[in-house]
Amino acid sequence: MENCIFCRIANRETPARIVYEDERVLAFEDIRPQSPVHLLVIPRKHWMTLGDVAPEDGALLGHLFIVAARVARERGLEGTGYRTVINNGAWAGQTVDHLHVHVLGGRVFHWPPG
Ligand code: AMP
Ligand code: ZN
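As structure tokens, then:
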């Protein structure tokens with residue numbers, strides 16, 4: 291989608307520190323990390339929120355999380371644990387309207403979230 295920063299990253303029109311990529315998804319470093327490890331995993335397909343994911347897209351959504359686990363493992367986060375987050379919409383704090391999974395690790399996180 292035009293003017294979407296994450297579509298632009300997926301199309302290599304905007305630079306990013308990409309750590310994983312395949313034909314369906316990519317993972318890259320968050321530009322404003324909130325923890326020692328902060329990666330974003332996105333589908334190449336432009337979904338705004340989880341509400342845009344159709345039942346037939348389940349395999350892609352599943353793959354997104356498989357890759358989130360893979361990059362977390364590669365960063366050595368499996369032992370300590372890590373957090374995966376999807377913010378959907380304004381009240382959740384979503385600022386980029388292209389669905390993304392945050393992979394956060396390297397420090398302790400609290401619950402409930404702020
Ligand atoms: P959210 O607030 O859940 O929509 O998360 C959007 C995330 O994207 C934030 O953590 C931003 O720091 C991050 N972000 C925005 N622009 C870029 C960019 N060009 N490259 C990498 N991360 C970005
Ligand atoms: Zn997009």
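Each residue of the sequence shown is one higher than the last, beginning at 291 in our numbering. For glycine and all other residues, C-beta sits at the position ideal for the given N, C-alpha and C. Since we're looking at a predicted model, the values are computed, not measured.
{"Query": "The beta strand (DSSP E) enclosing Asp395, as first and last residue numbers", "Result": "This sequence places Gly at residue 395; Asp is not what is there. Its beta strand (DSSP E) spans residues Val391 to Gly395."}
{"Query": "Residue interval of the beta strand (DSSP E) (run including Phe318)", "Result": "Val315 to Glu319"}
{"Query": "Beta-ladder partner(s) of His328, from DSSP", "Result": "Leu394"}
{"Query": "Contact set, the ligand ZN heavy atom to C-beta under 7 Å", "Result": "Met291, Cys294, Phe296, Cys297, His336 and His388"}
{"Query": "Alpha-carbon spacing of His392 relative to Pro345, whole angstroms", "Result": "22 Å"}
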